[in-house]
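Just so you know, we're using the working numbering here: the sequence shown kicks off at 2 and counts up by one. Beta carbons are placed, not taken as given, at the ideal position from N, Cα and C, and that holds for glycine. A short write-up of the structure that comes next.
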Amino acid sequence: AAAIRARSGDIIIGEAEDFGPTIHATGLQGLAELSASLGRVMGSGVKGQAILLDHDARNQPQLFIDGIHIVPHADGTTAIGSTSEHVWTDPTGTDSALEDLLAKARNALPALSGAAVLDRWAGVRPRAKSRAPLLGAWPDRAGHYVANGGFKIGYGMAPKVAQVMVGLVLDGRDAIPDSFRL
Numbered sequence: 002a003a004a005i006r007a008r009s010g011d012i013i014i015g016e017a018e019d020f021g022p023t024i025h026a027t028g029l030q031g032l033a034e035l036s037a038s039l040g041r042v043m044g045s046g047v048k049g050q051a052i053l054l055d056h057d058a059r060n061q062p063q064l065f066i067d068g069i070h071i072v073p074h075a076d077g078t079t080a081i082g083s084t085s086e087h088v089w090t091d092p093t094g095t096d097s098a099l100e101d102l103l104a105k106a107r108n109a110l111p112a113l114s115g116a117a118v119l120d121r122w123a124g125v126r127p128r129a130k131s132r133a134p135l136l137g138a139w140p141d142r143a144g145h146y147v148a149n150g151g152f153k154i155g156y157g158m159a160p161k162v163a164q165v166m167v168g169l170v171l172d173g174r175d176a177i178p179d180s181f182r183l
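Here you go:
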């Protein structure tokens, strides 16, 4: 958000007047809106739980072991994630599934065993039906574009998704991979 504002851009939460090109990168609610607009399911939400540990591995690589991401942060903390739950009752609550994930991470990497838990969180991520992000012009909405459904790979893909969408919106250059095309 700060980078957008630094370049005189606006971030509008809620309803806004149409003013120039609009990219809808609006998460689960936007995926539901897109599905309703197109009359077919474009994806759904998948709950994920993650945990932050007081474990300094800032000079170590990110690990992916047995389905678990172990992500060292520059501030000396390490994140462990995440669960993938298709059925849930509380979209932001943490539970035994997170405890199981932590135990699995500590078993895979014993150096984590003594690390204190700093934070736990959960949320629902948008997942396109294809598992690849949905990118492109919003059908029947001139000047509106979609970048949604990135699920677990969304953060890692964000720089390239941004580059592709900027090229499309500002230069009319369509470099969207076929498997990502809306």
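What are the start and end residues of the alpha helix (DSSP H) that includes residue i?
i, result
"G155", "G155 to D172"
"V107", "In the sequence under discussion, the amino acid at residue 107 is Arg, which differs from the Val named in the question. Its alpha helix (DSSP H) spans residues S97 to A109."
"G21", "Here G21 belongs to no alpha helix (DSSP H), and DSSP marks it neither H nor E."
So for residue i, helix, strand or coil by DSSP?
i, result
"I5", "helix"
"D179", "helix"
"G31", "helix"
"A112", "helix"
"A37", "helix"
Among the options, which residue has its Cα nearest to the Cα of residue i?
i, options, result
"L136", "R6, D11, A7 and L169", "L169"
"R142", "M158, A51 and S38", "S38"
"G94", "L54, G49 and L102", "G49"
"L171", "A138, T84, S83 and P134", "A138"
The beta strand (DSSP E) spanning residue i covers which residue range?
i, result
"A51", "G44 to L54"
"G64", "Contrary to the premise, residue 64 reads as Leu rather than Gly in this sequence. Here the beta strand (DSSP E) through L64 covers L64 to I66."
"V147", "H145 to N149"
Identify, in the order they occur along the chain, each residue of the same chain with its Cβ nearer than 7 Å to the Cβ of residue i, setting aside the five sequence neighbours on each side.
i, result
"D175", "L169"
"M166", "I24, L136, Y146 and A148"
"L53", "T78, A80, L119 and D120"
"A26", "A148 and N149"
Please list, in chain order, all residues of the same chain as residue i whose beta carbon is under 6 Å from its beta carbon, the five residues on each side excluded.
i, result
"G28", "P127"
"V36", "Inspection of the sequence shows that residue 36 is occupied by Ser rather than by Val. Counting only Cβ-Cβ distances below 6 Å, and skipping sequence neighbours, we find V42 and M43."
"K130", "G44"
"Q61", "P73"
"G144", "P22"
Determine, for residue i, whether the minimum Cβ-Cβ distance to residues of chain B falls below 8 Å.
i, result
"S180", "The displayed structure is made up of one protein chain only, and chain B is not part of it."
Can we count residue i as close to the ligand HEM, meaning its CB is less than 7 Å from some heavy atom?
i, result
"D57", "Absence of the ligand HEM is noted for the structure shown, with no ligands found whatsoever."
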